[in-house]
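Encoded as structure tokens, the structure appears first; notes follow it.
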Amino acid sequence: MDLRTTVERAQRLQQLHAQYKPLVLPTVWDVWSARTAAGAGFPALTIGSHPLADSRGAKDHEGQTFEEVLAAVRPIIAAVDVPVSVDLEAGYGQDPADLVAGLTEIGGVGLNIEDTVHSDGGRVRSTQEHAGYIAGLRAAADDAGIPLWVNGRTDLFLHAQDASGVLDEAIERLRAMERAGADSVYPVGIQDNDDLLTAVTGAVTVPVNSTAHPVRHDLERFRRLGVGRITYGPLLQIALTDAMKDMLGPWAP
Numbered sequence: 002m003d004l005r006t007t008v009e010r011a012q013r014l015q016q017l018h019a020q021y022k023p024l025v026l027p028t029v030w031d032v033w034s035a036r037t038a039a040g041a042g043f044p045a046l047t048i049g050s051h052p053l054a055d056s057r058g059a060k061d062h063e064g065q066t067f068e069e070v071l072a073a074v075r076p077i078i079a080a081v082d083v084p085v086s087v088d089l090e091a092g093y094g095q096d097p098a099d100l101v102a103g104l105t106e107i108g109g110v111g112l113n114i115e116d117t118v119h120s121d122g123g124r125v126r127s128t129q130e131h132a133g134y135i136a137g138l139r140a141a142a143d144d145a146g147i148p149l150w151v152n153g154r155t156d157l158f159l160h161a162q163d164a165s166g167v168l169d170e171a172i173e174r175l176r177a178m179e180r181a182g183a184d185s186v187y188p189v190g191i192q193d194n195d196d197l198l199t200a201v202t203g204a205v206t207v208p209v210n211s212t213a214h215p216v217r218h219d220l221e222r223f224r225r226l227g228v229g230r231i232t233y234g235p236l237l238q239i240a241l242t243d244a245m246k247d248m249l250g251p252w253a254p
């Protein structure tokens, strides 16, 4: 994709985050799901690492190389006329500049970056290490002249036995990501906890991303709690899997 189109799509993604509160970004995994979501009227999309891996018979948690992910994502981005953000897990061992260069070359205009480093035993980056990586992404995007949307994710709640017990640490991490240049922050694993969602949305000035299930969750609830951005993670694909099983069940031998 040419640079001008990529920049225009990146600018459009920024505008959409300001326009919609929350902005719902359906999480897709192939050309069919991307075209279906765009055809349903959504002005931007995300590609999730988990559903992408499942669609390709690979494992999530960096079970594919960066090059394999780019090859899979390229035709999805090319198939739609809306901005597309890509879940790049913990970066596949790439330097921030190389990650940004690879993504933007194929037309990606946003990325999700998490602090669980699956290629290094599943360790969790420290607050400063993760913020430093995000700062590198911001600098690389600025150098390229592309207003890339950086969604900084933390898995602290996901890993904790008691999510409320790591709230202060998580807020410190979210604020550090914001200071480093993250356009939005993504505390995974608290989508069903009103108190924790309220706490984190009140702690930062950038949009807070929440996972949502397209059937079981309610958009108005997320809006009321101050959530600024919604993605589905693997839950849209899981919901479609359940629906497909229900449809096919009566036909099975």
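So the working numbering is basically just the index in the sequence shown, starting at one, shifted up by 1. Even for Gly, the Cβ is constructed at its ideal location relative to N, Cα and C. Given the structure is predicted, the values throughout are model-derived calculations rather than measurements.
Applying the criterion that 16 or more other CB atoms from any shown protein chain within 10 Å of the CB defines a buried residue, is Val-29 buried or exposed? buried
DSSP three-state label for Asp-55, please. helix
Secondary structure of Val-228, DSSP reduced to three states: coil
My parser needs the beta strand (DSSP E) runs of 3 or more residues fully inside the region 150-178; what are they? 150-155
Would you kindly check if the distance between the Cβ of Val-228 and the Cβ of Thr-212 is under 8 Å? no
Can you give me the start and stop residues for the alpha helix (DSSP H) that Thr-47 sits inside? Per DSSP, Thr-47 belongs to no alpha helix (DSSP H); it is in the beta strand (DSSP E), 46-48.
Three or more C-beta pairs below 8 Å linking the region 16-23 and the region 87-100: no
Quick one: is Val-216 buried, meaning 16 or more other Cβ sit within 10 Å of its Cβ, or exposed? exposed
Pick from Asp-163, Leu-175, Ala-161, Val-110 that is closest to Glu-130, judged by C-alpha positions: Leu-175
Can the beta-carbon of Thr-105 be found closer than 8 Å to that of Leu-149? yes
What is the C-beta distance between Ala-255 and Ala-181, in whole angstroms, given that I count them as a contact (C-beta under 8 Å)? Outside the displayed span of the chain (2 to 254) sits residue 255, for which this structure offers no information.
Going along the chain, which residues of its own chain have a beta-carbon closer than 8 Å to the beta-carbon of Arg-224, five neighbours each way excluded? Lys-22, Pro-23
Given Met-178, which residues of its chain have a CB within under 6 Å of its CB, disregarding the five upstream and five downstream residues? Ala-132, Ile-135, Gly-153, Val-186
On a Cα-Cα basis, can you pick out the residue from Ala-145, Leu-46, Asp-193, Ala-73 that is closest to Arg-57? Ala-73
What is the residue span of the beta strand (DSSP E) that Pro-188 lies within? 185-188
Exposed or buried, which one is Ala-41 when buried takes at least 16 other CB atoms within 10 Å? exposed
With burial defined as no fewer than 16 other Cβ atoms inside 10 Å of the residue's Cβ, what is the status of Pro-76: buried or exposed? exposed
Does the Cβ of Ser-50 have 16 or more other Cβ atoms within 10 Å, making it buried, or fewer, making it exposed? buried
Give the range of the alpha helix (DSSP H) segment to which Gly-137 is assigned. 128-145
If you follow the beta strand (DSSP E) that Leu-89 is part of, which residue opens it and which one closes it? Premise fails: Leu-89 is in no beta strand (DSSP E) and is neither H nor E.
In its own chain, which residues sit with a C-beta less than 6 Å from the C-beta of Ile-172, not counting the 5 before and 5 after it? Ala-204
Chain C contact for His-119 (CB, 8 Å cutoff): Of the chains in the structure shown, none is chain C; there is only one protein chain.
Cβ neighbours of Thr-47 in the same chain (closer than 6 Å, five flanking residues each side left out): Leu-26, Thr-28, Ser-86, Thr-232
Taking the alpha carbon of Ala-39 as the reference point, which residue from Ala-80, Met-245, Thr-7 has its own alpha carbon closest? Ala-80
For the putative contact between Leu-71 and Gly-103, defined by C-beta atoms under 8 Å, what is the C-beta separation to the nearest angstrom? 5 Å
Roughly how many angstroms separate the alpha carbons of Asn-194 and Asp-3, rounded to a whole number? 42 Å
CA-CA distance, Arg-255 and Pro-44? With the chain covering 2 to 254 only, the question about residue 255 has no answer from this structure.
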